[in-house]
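Please read the structure below before turning to the comments.
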Amino acid sequence: SKDVIAEKEETEESVSDRLFYEAVYARATEENTKIFLHEFRLLVGFLEVDANREIDCYACSNTRASVARIQSFLEAFDMLSIASQAPITKDFDLTDLVVQVSELESRRNLATSGIPPKEGDGRQIPGSYAEPFFESTGIRLTLSRREPVFCSGAPNLIKLALGNALRNAVEATLAVQDNRNGEIVLTWGITDIDNWIVVLDEGCGLPAGSNRLMEIGVSTKNKRDGNFGMGLAIARNALRSIDGTIELTPQPGLGVRCEIRWPQRRTQH
């Protein structure tokens with residue numbers, strides 16, 4: 026009927042308006058955040074130069090550790106800003122994205138571990154997606170498939186979400202009596218209506234109050250160690266930008282299942 030058609034057109038128009046205003050808001054937030062981070066990084070840089078000149082043995086001082094924590098916080102804040110950007114969707118290979126994120130997080134983990142790299146550590150073995158990417162920690166990361174999986178979405182935001190989810194899984198696995206033989210499994214795929222990635226770990230599980238772990242600033246880890254409670258919040262915000270979700274559920278025994286989903290949609294070129 027005419028009423029149904031009019032209602033449908035009104036709904037489509039309201040959705041279009043909402044997406045437009047969300048994009049404008051995201052752009053304004055992005056620009057303001059860039060200015061803030063630029064100026065703040067300059068101040069921290071000046072602080073580090075002065076402290077290095079005025080403090081004996083600055084490199085091994087508590088002041089240096091505090092400056093490093095400020096720098097880590099700014100990086101986390103920057104990622105939070107990126108997670109809130111307006112998405113640009115396109116077609117991509119989800120398998121390739123998962124491998125890229127795994128390699129990146131392995132290199133990041135190796136760089137912060139202080140352990141000399143072994144031959145092949147942090148690299149993908151050609152023809153195999155079951156390499157111990159996190160060899161420096163003893164964690165084996167198993168990727169469940171090799172064939173391409175083509176889907177649509179905003180790959181930069183999905184990388185951001187998966188990277189934080191994977192980092193959280195590594196930290197949780199290492200927290201189990203320094204679990205140097207733990208395993209993390211990544212699996213992914215598509216359905217008729219959405220795309221999904223699942224991260225399975227053998228870590229310390231979900232603590233009390235885990236329903237708040239997606240909130241900014243909420244963390245079970247020590248903030249003096251550079252954990253600001255932004256990782257899962259960044260993942261959630263990145264996925265929210267594409268109408269996606271991230272859910273944590275306990276596994277039988279030890280560990281957590283982290284499930285990332287976002288809907289199929291037409292790409293923008």
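Plus 25 on top of the position in the sequence shown (first one is 1) and you've got the numbering used here.
Where a beta carbon is used, it is the ideal one built from N, C-alpha and C, also for glycine.
All values derive from a computational prediction rather than experimental measurement.
One or two residues paired with residue i in a DSSP bridge
i	result
R286	W221, T270
V281	P275
C85	Looking at the DSSP assignment, C85 forms no beta bridge with any residue, so it has no partner.
F175	D118
Where the alpha helix (DSSP H) containing residue i begins and where it ends
i	result
L187	180-199
Extent of the continuous beta strand (DSSP E) run through residue i
i	result
T295	A query on residue 295 cannot be resolved here, the shown segment of the chain reaching from 26 to 294 and no further.
L231	Where L231 is concerned, there is no enclosing beta strand (DSSP E), given that its DSSP letter is neither H nor E.
T114	Element bounds for T114: n/a, residue is neither H nor E.
R165	165-168
Whole-number beta carbon distance between residue j and residue i, since they are thought to touch under 8 Å
i	j	result
T114	A179	5 Å
L264	N193	Contact flag wrong, Cβ pair sits at about 14 Å.
E208	T274	Their Cβ separation, rounded to whole angstroms, is 18 Å, which puts E208 and T274 out of contact at 8 Å.
L182	S266	6 Å
C176	I218	About 12 Å separates the two Cβ atoms, so there is no contact after all.
L211	I259	Not a contact, Cβ separation roughly 19 Å.
G278	G228	Actually they do not touch by this definition, with Cβ atoms about 11 Å apart.
P296	T88	Since the first residue shown for the chain is 26 and the last is 294, residue 296 is missing from the structure and cannot be characterised.
Y83	A76	6 Å
I80	S86	6 Å
N206	Q289	Actually they do not touch by this definition, with Cβ atoms about 38 Å apart.
Best match in the options for proximity to residue i [C-alpha to C-alpha]
i	options	result
I222	L231, G207, T198, G188	G188
E272	L129, L225, V123, N206	L225
R165	Q289, R286, S131	S131
A93	C283, D75, L129, V69	V69
L122	S86, S91, E73, R170	R170
R268	R78, R286, Q276	The amino acid occupying residue 268 in the given sequence is Asp; Arg does not appear at that position. The candidate whose alpha carbon is nearest that of D268 is R286.
A197	F117, R282, F65, E73	R282
Interface flag, residue i vs chain D, CB-CB below 8 Å
i	result
I285	Chain labels in this structure do not include chain D; a single protein chain is all it has.
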